[in-house]
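Asker: In the working numbering, the protein residues as written are 64 to 353. The beta carbon of each residue, even a glycine, is placed where N, CA and C say it ideally should be. Please read through the structure below; I'll follow up with questions.
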């Protein structure tokens, strides 16, 4: 078990009241409450939820940027509250954040990717090899000598992923990492991490509100008001459009189309998540009517 969240809760601390303020300080409102889930190594996980649902707060617990007020979060057998394990945890779980510009620390791509291994004390000759392998892994080898300022948003995020790859994590967390990208950039980043998951066995945890990004996940967790309220495969989750609507979430385009055809009277099963599957069903229904 790579990640085990045992009923964790967390509330952001409120600012201290002024000495002259005689009002009783309000109780902090939990950002996440009793989050209970497990993630196996090698899985591709999506955590969905509208803004304010708690998904990014949970993401920050995964590499001990935050630690729970209650409950325990285990990462590869390590308790995130154990201060002696913090750097081991952060070496196990790498984070890619929303704004790519906030993650670039060097003026040349290859130097940016080398930053993490350098800080880990990796020998320089080994760093060169790791940088080359990591850039190749995200399809950015041709940009090794480029300035990050000349890259698109999607390319910058791929460089950020390469920087994490160079430190050999078991898991990469994408915290709304495609939110500021155009559709092409989103496709580039998601194709890159899917490849890393399939070919390298790296666990991917994608925190997103883009429903289409969840179609290829092994498992989905849906959060609302700080709690996990749905869990299952994409087919299981997207077969419940009414529940998702109540949570302020839409079906992915292909699932929405299948659902509309079903409502129109076609014999379409619930939870379609694959374009080719829907195409075959429609062709079969058409052939049966001829």
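In the DSSP assignment, the alpha helix (DSSP H) including residue 155 goes from what residue to what residue?
Answerer: Here the question's residue 155 lines up with position 92 in the chain shown. 149–155 is the span of the alpha helix (DSSP H), which, as asked, contains residue 155.
Asker: Would you tell me roughly how many angstroms separate the C-alpha atoms of residue 130 and residue 190, rounded to the nearest one?
Answerer: Within the chain shown, numbered from 1, the residue matching residue 130 stands at position 67. Within the chain shown, numbered from 1, the residue matching residue 190 stands at position 127. Distance between the alpha carbons of residue 130 and residue 190: 31 Å.
Asker: With the cut-off set at 9 Å, would you say residue 24 and residue 266 are in Cβ contact?
Answerer: Here the chain has residues from 64 to 353 only, and residue 24 is not among them.
Asker: Do the segment 206–216 and the segment 135–144 touch if we need at least three Cβ pairs shorter than 8 Å?
Answerer: As far as the Cβ criterion goes, the segment 206–216 does not touch the segment 135–144, which means the pair count is below three.
Asker: Is it right to say residue 187 is buried, meaning 16 or more other beta carbons lie within 10 angstroms of its own, or is it exposed?
Answerer: On the chain shown, residue 187 is found 124 positions in, with the first residue counted as 1. Under this definition residue 187 is an exposed residue.
Asker: Across the segment 111–122 and the segment 143–155, are there enough close Cβ pairs to call them in contact, namely three or more that are closer than 8 Å?
Answerer: With a cut-off of 8 Å, the segment 143–155 and the segment 111–122 do not count as touching, because too few Cβ pairs lie within range.
Asker: Given that a residue counts as buried once 16 or more other Cβ atoms are within 10 Å of its Cβ, and exposed if not, what is residue 359?
Answerer: With the chain represented from 64 up to 353, any question about residue 359 goes unanswered, as that position is not in the structure.
Asker: Across the segment 321–340 and the segment 299–311, are there enough close Cβ pairs to call them in contact, namely three or more that are closer than 8 Å?
Answerer: Flag = yes, the segment 321–340 and the segment 299–311 touch.
Asker: I need the boundaries of the alpha helix (DSSP H) containing residue 200, first residue and last residue.
Answerer: For the purposes of this step, residue 200 is taken as the residue at position 137 of the chain shown. Note, residue 200: alpha helix (DSSP H), 187–200.
Asker: Can you tell me whether DSSP reads residue 313 as helix, strand or coil?
Answerer: For the purposes of this step, residue 313 is identified with residue 250 of the chain shown, where counting begins at 1. Three-state DSSP puts residue 313 in coil, outside helix and strand.
Asker: Check each candidate in 334, 89 and 307 and name the one with the smallest Cα separation from residue 318.
Answerer: In the chain shown, the residue the question calls residue 318 occupies position 255. Among 334, 89 and 307, the Cα nearest to that of residue 318 belongs to 334.
Asker: Note down, in chain order, each residue of its chain lying with its Cβ closer than 6 Å to the Cβ of residue 362, except the 5 sequence neighbours on either side.
Answerer: The requested residue 362 does not occur in the structure, where the chain is confined to residues 64 to 353.
Asker: With C-beta atoms as the reference, is residue 309 less than 9 Å away from residue 271?
Answerer: Walking along the chain shown from the start, residue 309 turns up at place 246. Walking along the chain shown from the start, residue 271 turns up at place 208. Contact: no.
Asker: Which complete alpha helix (DSSP H) runs does the segment 205–255 hold, if anything under 4 residues is left out?
Answerer: Counting only runs of 4 or more, we get 216–228.
Asker: Report the partner residues of residue 79 according to the DSSP bridge assignment.
Answerer: Residue numbering aside, residue 79 sits at position 16 when the chain shown is read from its first letter. Partner(s): none; residue 79 has no beta bridge.
Asker: Indicate the three-state DSSP secondary structure (helix, strand or coil) for residue 90 in the structure shown.
Answerer: Numbered from 1 along the chain shown, position 27 holds the residue referred to as residue 90. It is coil, neither helix nor strand.
Asker: Reducing DSSP to helix, strand and coil, say where residue 269 ends up.
Answerer: Numbered from its first residue, the chain shown carries residue 269 at position 206. Strand at residue 269.
Asker: Using a Cβ-Cβ cutoff of less than 6 Å, which residues in the same chain neighbour residue 123 once the five nearest sequence positions on both sides are dropped?
Answerer: Stepping through the chain shown from its first residue, residue 123 is reached at position 60. Around residue 123: 129.
Asker: So residue 287 is in the beta strand (DSSP E); what residue range does that whole segment cover?
Answerer: The sequence position of residue 287 within the chain shown is 224, counting from 1. Start and end: 282–287.
Asker: Would you kindly report the start and end of the unbroken alpha helix (DSSP H) that includes residue 338?
Answerer: Against the chain shown, residue 338 aligns to sequence position 275. Start and end: 338–352.
Asker: Please tell me whether residue 184 and residue 217 are closer than 9 Å, where the distance is taken between their beta carbons.
Answerer: Working through the chain shown from its first residue, we reach residue 184 at position 121. Working through the chain shown from its first residue, we reach residue 217 at position 154. Against a cut-off of 9 Å, the Cβ pair of residue 217 and residue 184 comes out as no contact.
Asker: In the structure shown, what three-state DSSP assignment does residue 324 receive?
Answerer: Within the chain shown, residue 324 is the residue found at index 261, counting from 1. Correct three-state label for residue 324: helix.
Asker: Count the C-beta pairs between the segment 283–299 and the segment 248–258 that are closer than 8 Å, then say yes if the count reaches three, no if not.
Answerer: The segment 283–299 vs the segment 248–258: no contact.
Asker: Of all the options 74, 199 and 222, which has the alpha carbon lying nearest to the alpha carbon of residue 178?
Answerer: Counting from 1 along the chain shown, the entry for residue 178 is found at position 115. Selected option, being the one with the closest Cα: 222.
Asker: What does the Cβ neighbour count give for residue 192, buried or exposed, with the cut at 16 atoms within 10 Å?
Answerer: If you number the chain shown from 1, residue 192 lands on position 129. Exposed.
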